[in-house]
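Asker:
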Amino acid sequence: MQDNNRNLILATVLSFLVILIWYTVFAPEPPVQQPEPQVAEQTANDTAAPPADPGAGDPATADLGEEGETPQAGRIDISSPALQGSISLAGGRIDDLLLKKYQETQAKDSPNVRLLSPSSATADPSLDTAGSKPYYTVYGWIPGSGVDPALVPTPSTIWKVESGDTLAPGKPVTLAWDNGAGQTFRRVFELDDNYLFTVKQSLQNDGDAAFNAAPYGIIARHGHPDTTNFFILHEGAVGMHDGKLLEMKYDDITELDPVEREGRADVVTVEENGWIGFTDKYWMTTLAPAPGQPFTSVVKYAENSDIYQAEARYPMQTVQPGSEASVESYLFAGAKVWEVIRNYQETPGIERFVDSIDWGWFYFLTKPIFQLLHWLHGHIGNMGWSIIALTFILKLLVFPLARKSYISMAKMKELQPQMEAIKERTGDDRMKFQKEVMALYKSQKVNPAAGCLPVLLQVPIFFSLYKVIFVTIELRHAPWIGWIRDLSAPDPSSLLNLFGLLPFAAPAQGTMLHSLSLPILAILLGVSMWMQQKLNPAPTDPAQKMIFAWMPWVFMFMLGGFASGLVLYWITNNTITIIQQYSIMSMHGHRPDLFGNIKASMPKRPRKDDGK
Numbered sequence: 000m001q002d003n004n005r006n007l008i009l010a011t012v013l014s015f016l017v018i019l020i021w022y023t024v025f026a027p028e029p030p031v032q033q034p035e036p037q038v039a040e041q042t043a044n045d046t047a048a049p050p051a052d053p054g055a056g057d058p059a060t061a062d063l064g065e066e067g068e069t070p071q072a073g074r075i076d077i078s079s080p081a082l083q084g085s086i087s088l089a090g091g092r093i094d095d096l097l098l099k100k101y102q103e104t105q106a107k108d109s110p111n112v113r114l115l116s117p118s119s120a121t122a123d124p125s126l127d128t129a130g131s132k133p134y135y136t137v138y139g140w141i142p143g144s145g146v147d148p149a150l151v152p153t154p155s156t157i158w159k160v161e162s163g164d165t166l167a168p169g170k171p172v173t174l175a176w177d178n179g180a181g182q183t184f185r186r187v188f189e190l191d192d193n194y195l196f197t198v199k200q201s202l203q204n205d206g207d208a209a210f211n212a213a214p215y216g217i218i219a220r221h222g223h224p225d226t227t228n229f230f231i232l233h234e235g236a237v238g239m240h241d242g243k244l245l246e247m248k249y250d251d252i253t254e255l256d257p258v259e260r261e262g263r264a265d266v267v268t269v270e271e272n273g274w275i276g277f278t279d280k281y282w283m284t285t286l287a288p289a290p291g292q293p294f295t296s297v298v299k300y301a302e303n304s305d306i307y308q309a310e311a312r313y314p315m316q317t318v319q320p321g322s323e324a325s326v327e328s329y330l331f332a333g334a335k336v337w338e339v340i341r342n343y344q345e346t347p348g349i350e351r352f353v354d355s356i357d358w359g360w361f362y363f364l365t366k367p368i369f370q371l372l373h374w375l376h377g378h379i380g381n382m383g384w385s386i387i388a389l390t391f392i393l394k395l396l397v398f399p400l401a402r403k404s405y406i407s408m409a410k411m412k413e414l415q416p417q418m419e420a421i422k423e424r425t426g427d428d429r430m431k432f433q434k435e436v437m438a439l440y441k442s443q444k445v446n447p448a449a450g451c452l453p454v455l456l457q458v459p460i461f462f463s464l465y466k467v468i469f470v471t472i473e474l475r476h477a478p479w480i481g482w483i484r485d486l487s488a489p490d491p492s493s494l495l496n497l498f499g500l501l502p503f504a505a506p507a508q509g510t511m512l513h514s515l516s517l518p519i520l521a522i523l524l525g526v527s528m529w530m531q532q533k534l535n536p537a538p539t540d541p542a543q544k545m546i547f548a549w550m551p552w553v554f555m556f557m558l559g560g561f562a563s564g565l566v567l568y569w570i571t572n573n574t575i576t577i578i579q580q581y582s583i584m585s586m587h588g589h590r591p592d593l594f595g596n597i598k599a600s601m602p603k604r605p606r607k608d609d610g611k
């Protein structure tokens, strides 16, 4: 077999194995619907930090009714260009939040994505939270040693509005609670144009003695969320602890080792910079203390109530009579838009905040590839054409290696007669044959492995681009042309209904017929792979010839369910490869016999016997 065919088979088989393993072993499973927790609100130390000492009460369960219900309270509206929702005066919690720029589906009447939802105890009948599991943020103070727990606000405390009527950019809202013993607690909320809340908690002591308390912030999530459940995507707790990234899936949180007075928990002391929260595929809720602020980061799971928590606990503060103590922190609640998160990393300085996006194993490639794609989209305005432009740029970067590969293939064709002579001369002595062939390569300055380098580079680039298309929100619902309205989803066209010409819909994704429902992009991919093969003669070995014959069409069926943006990249990559190989080999006197190879691969009709 010729070495150029060997390289092409190596490339095809390697790619096939990668896709086969990915598709069959790690294919995403349908999300499992978890039952709604049938427990009373905050019944088992579920939404607050533990007390400062064994003798103090638990603020999570203070002031609750017999059934754990929170007294009815009003709400403060939240309104910004990116967010809509409300703050409950019961606990002063942010528990109602919609993302105004994102819809559940591409249907015109699709509702906006709901990020945060109240629990049954604080839900307002006017809020449309059907099907949503409780997911909210709550702030408070842990009583210090010798302080009556009733003197600090709890998650059920009813706050009063001291100033502001609607939380909006440039319009802060201040809540206050007087404990009746000389201490006044305040909570000031501010909101920018995107997804960052600034939360200032303060304690004013007008009493006769020093008052000890420690502020905290909590994100509580009831029940196991509905996740994408794909191994390459992280969904669960995410955080940064003094430069060290934390990623912990929900199933791993439930299996944490028990910690005294915590339950199942992971407790980390952060000396300078950090943040902690929960991330979904496209959305995130994160507590971020001010830069330089030490805190204790906690991820925990309350088994009795099936609640996941992310906590930021601040140091105990001693507030002298006539003085005030405060702590300022940030809450990110919204879409993981790269540019927005990058800006928050710069101002107010949330360390390595862009790493909240799951860049994957090849982050050193994924990050620059996404940034280049983002830059191209900013100039082109269409993500599909940007992917095509990105493919051209990536091919240009690896062109020197590709050029060497094709030149090497051309030279190896020139050496074919000499290799045949060596084979005849050495007979069945394989060792002698290999030795003389390597000597021939060395004398002619030919590197037989040169053809493998572009292939090896394509694998990490492919995975990195797959990651970019799969996890970044910039590709979500991004259209290209015509029927391609979402590059992060498979091509919706189908051969079974003649690509929409017949009056019935294509088979639903996940059904058996869907695997036969070839979309247009998958067919174009198969044709481009087939054309790429025909640049070289078919191998003489029957087994290898059969692999070559079937490989493009196997890929065509397998990749029909992949994101259309990724298939578009692959088609463009194959097209450029065909042009490069044909041009470079032609310039070196070995023009590929494309049409001759296609004709040779066609089945030949048997000749009729003239005597019959």
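The sequence shown runs contiguously to residue 611 in numbering that gives the first Met the number 0. Built from N, CA and C at the ideal position, the CB exists for glycine as well.
1. Would Ala212 pass as a contact of Val269 if the rule is Cβ separation under 8 Å?
2. Would you grab the beta carbon distance between Leu232 and Val470 for me? Rounded to a whole angstrom, and I think it's under 8 Å.
3. Report the CB separation of Arg186 from Gly91 in whole angstroms; it is logged as a contact under 8 Å.
4. When the Cα atoms are used, what is the spatial distance from Gly614 to Ser463?
5. Return the CA-CA distance between Asp45 and Pro154, expressed in angstroms with no decimal places.
6. Quick one: grab the DSSP three-state call for Tyr343.
7. Run the CB neighbour count on Ile597, radius 10 Å, all protein chains shown included, and call it buried at 16 or more, exposed below.
8. Please go through the same chain and pick out, in chain order, the residues whose beta-carbon is closer than 7 Å to the beta-carbon of Pro551, but skip the five residues on each side of it.
9. Answer yes or no: do Asn193 and Gly333 have a C-beta to C-beta separation smaller than 8 Å?
10. If we call anything under 8 Å between Cβ atoms a contact, is Tyr300 one with Leu255?
11. Going residue by residue through the stretch 123–159, where are the continuous beta strand (DSSP E) segments of at least 3 residues, counting only ones entirely within it?
12. Please check the pair Pro518 and Asp490, which I expect to be a contact at CB under 8 Å, by giving their CB distance rounded to whole angstroms.
13. Where does Phe561 fall in DSSP's three states?
14. Pick helix, strand or coil for Gly238, following the three-state DSSP scheme.
15. Shortest alpha-carbon distance to Thr571 belongs to which of Leu520, Arg113 and Asp241?
16. If you reduce the DSSP assignment to three classes, tell me which class Asn573 lands in.
17. Leu396 lies in the beta strand (DSSP E); which residues open and close that run?
18. Straight-line CA distance for Trp569 to Asp250?
19. Taking the alpha carbon of Val297 as the reference point, which residue from Met418, Ala287 and Ala309 has its own alpha carbon closest?
20. Please report the distance separating the alpha-carbon of Thr365 from that of Asp177.
21. Would you be able to state if there are at least three C-beta pairs under 8 Å between the stretch 348–357 and the stretch 282–295?
22. Report yes or no: do three or more beta-carbon pairs, one from the stretch 577–591 and one from the stretch 469–487, lie closer than 8 Å?
23. Work out the CA separation of Gly235 and Ser79 for me, nearest whole Å.
24. Give the DSSP bridge partners of Arg74, in chain order.
25. Label Pro591 either buried or exposed according to how many other C-beta atoms from any shown protein chain fall within 10 Å of its C-beta, with 16 as the threshold for buried.
26. Using only the alpha-carbon positions, how far apart do Ile75 and Phe391 sit?
27. Look at the alpha carbon of Trp479 and the alpha carbon of Leu395, and state the distance between them as a whole number of angstroms.
28. Rounding to the nearest angstrom, what Cα-Cα distance links Leu494 and Gly559 in this structure?
29. For the alpha helix (DSSP H) containing Ser527, list its first residue and its last residue.
30. From Ala409, Gly321 and Glu473, pick the residue whose C-alpha is nearest to that of Gln443; which is it?
31. What runs of the beta strand (DSSP E), each 3 residues or longer, lie entirely inside the stretch 164–244?
32. Among Thr226, Ala324 and Val237, which residue has its Cα nearest to the Cα of Trp358?
33. Starting from Pro416, follow the beta strand (DSSP E) in both directions and report where the run begins and ends.
34. Taking the alpha carbon of Leu534 as the reference point, which residue from Ser585, Met545, Phe556 and Ser492 has its own alpha carbon closest?
35. Measuring straight from C-alpha to C-alpha, what distance separates Ile157 and Asp354?
36. So the alpha helix (DSSP H) Pro367 belongs to, where does it begin and stop?
Answerer: Per the coordinate set shown:
1. no
2. 6 Å
3. 5 Å
4. The first residue shown for the chain is 0 and the last is 611, placing residue 614 beyond what the model contains.
5. Unreliable placement is indicated for Asp45, whose pLDDT of 36 sits below 50; no coordinate value is reported for it.
6. helix
7. exposed
8. Gly525, Met528, Trp529 and Gln532
9. yes
10. yes
11. 134–142
12. 3 Å
13. coil
14. strand
15. Leu520
16. helix
17. Segment Met382 to Leu396 is the alpha helix (DSSP H) holding Leu396; no beta strand (DSSP E) there.
18. 35 Å
19. Ala309
20. 51 Å
21. yes
22. no
23. 27 Å
24. Ser87
25. buried
26. 51 Å
27. 23 Å
28. 11 Å
29. Ile519 to Gln532
30. Ala409
31. 172–177, 182–190, 195–204, 210–221 and 235–240
32. Val237
33. Note, Pro416: premise wrong, no beta strand (DSSP E); alpha helix (DSSP H) at Gln415 to Thr425.
34. Ser585
35. 37 Å
36. Tyr362 to Ile379
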